[in-house]
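K.L.:
If you scroll down you'll find the structure; I have some questions about it.
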Amino acid sequence: MKIAFLTLGCKLNYAETSTYERAFIKSGFTVTQWNESPADVYLINTCSVTETSDKKARNAIRKMHRINPAATIVVTGCYAELKRAEIESIEGVTLVFGAKEKNRVVPCTLDYLNGRTLTREDYERKGLAEEYREISKETMPAYSTGERTRSFLKVQDGCNNFCAYCTVPYARGESRNIPICELVRQAELIAAEGVKEIVLTGVNTGDFGRSSGENFLDLIKALNDVEGIERYRISSIEPNLITEEIVDWIASGTKFLPHFHIPLQTGSDIQLKRMGRKYDTAFFADRIAYIRSKMEGPGKPKVFFGIDTMVGLPGETEELFRETYDFIKSIAPAFIHVFPYSRRPGTRADKMPDQVDERTKKERVARLEELCEELHRAFVEQNRGIKEKVLFESSEKNGMMAGYTGNYIRIERTYDESLSGKIVELTI
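Under the working numbering, the first residue of the sequence shown carries the number -2, and numbering increases by one thereafter.
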């Protein structure tokens, strides 16, 4: 039987989908590409961070049904948690699993395919798969495979922050984590597959330990000792949670790379307060400066900082947007993930006055994207002439291969199979 997967949204979804894929392969399924040839089963892991995300999911479901009207279509993810009835009403949808039912996706789907009629109790029973045993019932362990250079390891799920614009706490629940001992075991499994680099991922990664009494520093120290894994990246961490103690340890000579993705959301203190964020711009700038002071120096690569920035939150005037623009320019990140605010029912921001029109949001996104290109070019130039280690990926495109330095600069060269999955030192 053929199964196809589609992942929308964050790297956490990607890790979870990869875990589903391994389980279905163990059950005898053959994986095919969802938009290439008809599959018997389609599994789509959805995102719901914006209305556009919801629309992408609906369009994909309809396309899957057109490709094979007889297929079993399974939907999970944040959209499935927030708007189950809406998804169930789409023609072709067979099974829907919300966030609390993720560890039931595989066994329930297999039961359905074997002709068993599912009840609500089936959705709510605890997972039977061996991979899920002894793990918190609310937190499904997950890591990605399939690429022999890099794997995404889920370390945490959920969020307790309830920012004014965000539905994630409603979709993924409260902050919780997988115990360190289990994450070390998963990292060892990843290493056994020949993977050299792990990216730690979660909804609020730095909040690790809330459900197990551990902490993020304990986690990264334990993972640092896993043999076979040579590099780690932290996919996203809140500025108030990447403590000086964490920075000092990473800078002391570990496997953790000079690459941080730190959500900013806005460079206006007025807007940060409206959002309900837990820091101001002065704190954010100080944290960036502290990391640079500990990790940069003569002959060393510059630290790669990626930031998330939202434009168009209600009340964002041109003056407040300019504050964001100027602040970002002053801290000079290497990358800006910029996106327009999207109204989400049930959030505080949805009821705020002074909503910003779509045309203005689009124009502000374009201005920040232009700034992003300028800052990234400057970042690459600052690193020119510095020796760095590059992990080359195995894929070939037009006779070329690519890899990334420790500080996340993309390097391309003529394809050489002997370099696939290898770490090579070169001068940028």
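Backbone N, C-alpha and C fix where the C-beta goes; we use that ideal spot for every residue, glycine too.
Three or more C-beta pairs closer than 8 Å, one from the stretch 87 to 102 and one from the stretch 56 to 65: is that the case here?
P.N.:
As far as the Cβ criterion goes, the stretch 87 to 102 touches the stretch 56 to 65, which means the pair count is three or higher.
K.L.:
Hey, could you find the ends of the alpha helix (DSSP H) residue 54 is sitting in?
P.N.:
Unbroken alpha helix (DSSP H) run through residue 54: 48 to 64.
K.L.:
Roughly how far, in whole angstroms, is the beta-carbon of residue 1 from the beta-carbon of residue 29, given that I think they are within contact range, below 8 Å?
P.N.:
Contact holds; Cβ gap of about 5 Å.
K.L.:
So residue 383 packs on residue 273, CB below 8 Å; how close in whole Å?
P.N.:
The pair is not a contact, with the Cβ atoms about 40 Å apart (cut-off 8 Å).
K.L.:
Taking all protein chains shown into account, do 16 or more other C-beta atoms lie within 10 angstroms of the C-beta of residue 74, making it buried, or fewer, making it exposed?
P.N.:
With 16 or more other Cβ atoms within 10 Å, it is buried.
K.L.:
Just mark residue 70 as buried or exposed, buried being the case when its beta carbon has 16 or more other beta carbons within 10 Å.
P.N.:
Buried.
K.L.:
Quick check on the burial criterion: 16 or more other C-beta atoms within 10 angstroms. Buried or exposed for residue 318?
P.N.:
By the 10 Å Cβ count, residue 318 comes out buried.
K.L.:
What residue does the beta strand (DSSP E) around residue 148 start on, and which one ends it?
P.N.:
Residue 148 -> beta strand (DSSP E) spans 147 to 151.
K.L.:
Have a look at residue 231 and residue 111 and give me their C-alpha separation to the nearest angstrom.
P.N.:
The straight-line gap from Cα to Cα measures roughly 41 Å.
K.L.:
Please classify residue 22 as buried or exposed, where buried requires at least 16 neighbouring CB atoms within 10 angstroms.
P.N.:
When all chains shown are included, residue 22 counts as exposed.
K.L.:
Within the continuous beta strand (DSSP E) that includes residue 377, where are the two ends?
P.N.:
From DSSP, residue 377 is part of no beta strand (DSSP E) but of the alpha helix (DSSP H) over 355 to 380.
K.L.:
To the nearest whole angstrom, what separates the beta carbons of residue 167 and residue 79, a pair I think is in contact under 8 Å?
P.N.:
At roughly 6 Å, the Cβ-Cβ gap stays under 8 Å, so residue 167 and residue 79 are in contact.
K.L.:
Pull up the DSSP beta-bridge partners for residue 176, would you.
P.N.:
None; residue 176 has no bridge partner.
K.L.:
If you run the structure through DSSP and keep just helix, strand and coil, what is residue 400?
P.N.:
Strand, per DSSP.
K.L.:
Give me the Cα-Cα distance between residue 334 and residue 68, rounded to the nearest whole angstrom.
P.N.:
Answer to the nearest angstrom: the Cα atoms are 36 Å apart.
K.L.:
Where does the unbroken alpha helix (DSSP H) through residue 319 begin, and where does it stop?
P.N.:
Residues 315 to 328.
K.L.:
Is the CB-CB distance between residue 5 and residue 36 below 9 Å?
P.N.:
No. Outside cutoff.
K.L.:
Is residue 164 near residue 86, with beta carbons less than 9 Å apart?
P.N.:
Contact: no.
K.L.:
With distances taken Cα to Cα, identify the nearest neighbour of residue 157 among 402, 414, 194, 174.
P.N.:
Taking only the C-alpha atoms, the option nearest residue 157 is 174.
K.L.:
What first and last residue would you give for the beta strand (DSSP E) that runs through residue 194?
P.N.:
Element bounds for residue 194: 194 to 198.
K.L.:
Rounded to whole angstroms, what's the CA-CA distance from residue 414 to residue 25? Just pull it up for me.
P.N.:
Residue 414 and residue 25: Cα-Cα distance of roughly 31 Å.
K.L.:
What would DSSP say about residue 134, mapped onto helix, strand or coil?
P.N.:
No answer about residue 134 holds up, because its pLDDT of 41 lies below 50 and its placement is not dependable.
K.L.:
For residue 126, which three-state DSSP category applies?
P.N.:
Bear in mind that the predicted position of residue 126 carries a pLDDT of just 34, short of 50, making it too unreliable to give a figure here.
K.L.:
Cβ atoms of residue 94 and residue 153: under 9 Å apart, would you say?
P.N.:
Result no, Cβ atoms of residue 153 and residue 94 do not sit closer than 9 Å.
K.L.:
Judging by CA-CA distance, which residue of 212, 379, 402 is the nearest neighbour of residue 294?
P.N.:
The shortest Cα separation from residue 294 among 212, 379, 402 belongs to 379.
K.L.:
Would you kindly work out how many angstroms separate the C-alpha atoms of residue 188 and residue 202, rounded to a whole number?
P.N.:
Roughly 21 Å between the two C-alpha positions.
K.L.:
Less than 9 Å separating the beta-carbons of residue 194 and residue 146?
P.N.:
Yes.
K.L.:
So, helix, strand or coil for residue 240, using DSSP?
P.N.:
Coil.
K.L.:
How far does the beta strand (DSSP E) with residue 231 in it reach, from first residue to last?
P.N.:
Segment 228 to 231, the beta strand (DSSP E) holding residue 231.
K.L.:
Could you tell me the distance, in whole angstroms, from the CA atom of residue 125 to the CA atom of residue 340?
P.N.:
Caution applies to residue 125, whose pLDDT of 31 falls short of 50 and renders its modelled position unreliable; the value that the coordinates give is listed next. Roughly 38 Å separates the two Cα atoms.
K.L.:
State the start and end residues of the unbroken alpha helix (DSSP H) segment that holds residue 17.
P.N.:
Looking at the DSSP string, the run of the alpha helix (DSSP H) that includes residue 17 is 8 to 23.
K.L.:
Would you check if there are 3 or more beta carbon pairs closer than 8 Å linking the stretch 274 to 282 to the stretch 235 to 242?
P.N.:
The stretch 274 to 282 is in contact with the stretch 235 to 242.
K.L.:
Considering only the beta carbon of each residue, do residue 336 and residue 369 sit closer than 9 Å?
P.N.:
Going by C-beta atoms, residue 336 is not nearer than 9 Å to residue 369.
K.L.:
State the CB to CB distance for the pair residue 375 and residue 328, rounded to an integer number of angstroms; the pair is presumed to be in contact (CB under 8 Å).
P.N.:
Contact flag wrong, Cβ pair sits at about 13 Å.
K.L.:
Residue 395: buried (16+ other C-beta within 10 angstroms of its C-beta) or exposed?
P.N.:
Exposed is the call here.
K.L.:
From residue 403 to residue 243, what distance separates their C-alpha atoms?
P.N.:
Roughly 18 Å between the two C-alpha positions.
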